[in-house]
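Shown next, in C-alpha cells, is the structure this report addresses.
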Amino acid sequence: MLHTVERGIATITLNRPEAANAIQPAMRDVIIDLLAQADADPEVRVVVLASNGRHFCSGADVTGIAASRAQGAEKRVTDAMRRIMTGAQRLVSSVLDCGKPVIAVVQGPAAGLGAHLAYASDLVVAAENAIFVESFVLRGLVVDAGGAYLLPRRIGMQKAKELAFFGEKLPASEALALGLVNRVVPAAELAATAAEFADRLAGAATSAIALTKRLFNESPDVDRAAAFLAEGMAQELQSHAHDSTEGVTAFVQRRSPDYRGY
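Residue numbers (the working numbering): 389 to 650.
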C-alpha cells in the first residue's frame, strides 16, 4: 500500500500487482484508516484511489477462506456475516462516508469488491481497456461488499440483476453508457485525466462538496420531505463557511474565487 499527500490531494495506491491487487484484511483496514484520516485532515481536499499493475483490484483476497475450508474448519453461525459486515462493507462505507470527494482511477479489471470500490467513489476515470465484473456468482457466492445496495441505485434493478446473475465482463465503454464511470480515455491519458479532476477538486469549495455528497448519497433512501429538510440544513451550514462568502463575493466582483475548503 502506498500513500501520499501533496497539494491537497491524498493518493491511496493498491500495490499488490503480483496478486492482481486483491485486498487482504490488513490492507483493507489500512485503507479505511487512511480514508478516515483524509476526512479529518483539513489540508486534504480530495482523495484518489489508484493501483499499480495491470489490475485495478480483483476483489477481496479469498485465499485465507479457501485454506480454512480445505482444512475442514467448523463453520459457525453469524461468523461469515460478521466478517462481511466488519470487512468489505465497512471498506465500501468508508468511501461513501468520506467527507472529501473520492476519485477512482481504474486502469484495468475491477472485480467484486474492486468494482464496488469504484462504484462507491464519487468520480470514476477508466482506461479504455478497463472492465468491471460482478465476480461473486462465478465463485458460487452471493454478491457482497455493498453490491446489492450500490448497483440498483446506480443503474436500475434489471441491469443490476443481469450483471450479478451472469457475472459477465462489463467493458469501460458500456460502464460509461450506464453511468457507472465519468470518463473513459486511452490508457496513455488516464493519469492526466485523473490529475485534472483531482486538481480541480483540490481547489474547490470542499465543505460545499462534502455536504452535497452527503445529500446525494442519502437521497435514494429518504422521502421528499426528508431530502428537502436535509438540503435546507446543508444550505444553512454552508452559509456560515468562508467559501460561501468568498464564492458570492468573487461572483459579484467577476473574479476567480480563492477557496480554502471550509
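Every residue gets a Cβ at the ideal spot worked out from N, C-alpha and C, and that includes glycine. None of the values given here were measured: they were computed from a predicted structure.
Item	Value
Simplified DSSP assignment, three categories, for Val513	strand
Any 3 or more C-beta pairs closer than 8 Å across the region 437-450 and the region 495-513	yes
Assigned exposure category for Thr594 - 16 Cβ within 10 Å defines buried	buried
Given 8 Å, three or more beta-carbon pairs between the region 430-444 and the region 459-477	no
Secondary structure, alpha helix (DSSP H): runs of 4+ residues fully inside the region 534-601	535-543, 545-554, 560-566 and 578-590
Coarse secondary structure for His443, derived from DSSP in three states	coil
Beta-carbon proximity list for Phe352, same chain, < 7 Å, skipping 5 on both sides	This structure cannot speak to residue 352, because the chain is shown only from 389 to 650.
Exposed unless 16 or more other CB atoms sit within 10 angstroms - verdict on Asp646	exposed
Option nearest Gly555 by Cα separation, candidates Leu529, Met545 and Tyr507	Leu529
Those residues which DSSP pairs with Val636 across a bridge	DSSP, once it has assigned bridges, lists no residue as partnering Val636.
Cut-off 6 Å between Cβ atoms - residues of its own chain near Val573, not counting five sequence neighbours on either side	Thr581
Beta-carbon gap between Leu423 and Val483 smaller than 8 Å	yes
Per DSSP, the bridge partner or partners of Ile519	Pro559
Where the beta strand (DSSP E) containing Val393 begins and where it ends	Leu390 to Glu394
Short Cβ contact (8 Å threshold) for Ala552 with Gly535	yes
Secondary structure of Ala424, DSSP reduced to three states	helix
C-alpha gap between Leu390 and Ile597, whole angstroms	26 Å
Exposed unless 16 or more other CB atoms sit within 10 angstroms - verdict on His504	buried
Classification of Asn650 by the beta-carbon crowding that lies within 10 angstroms, buried from 16 upward	A quick correction: the sequence has Tyr, not Asn, at residue 650. It counts as exposed.
Between the CA atoms of Asp421 and Ala609 - distance to the nearest angstrom	The residue asked about is misnamed: residue 609 is Asp in this sequence, not Ala. Taking the straight line from one Cα to the other gives about 27 Å.
Beta-ladder partner(s) of Ala498, from DSSP	Cys445 and Phe520
Rounded Cβ spacing between Glu606 and Ala618 (contact assumed at less than 8 Å)	7 Å
Where Leu529 falls: helix, strand or coil (DSSP)	coil
Reference Val450; option with closest CA among Asp429, Ala408 and Val465	Ala408
For Val480, the three-state DSSP class (helix, strand or coil)	helix
Exposure label - Thr466; buried when at least 16 CB within 10 Å	exposed
Bridge partner(s) assigned by DSSP for Ile400	His391 and Leu437
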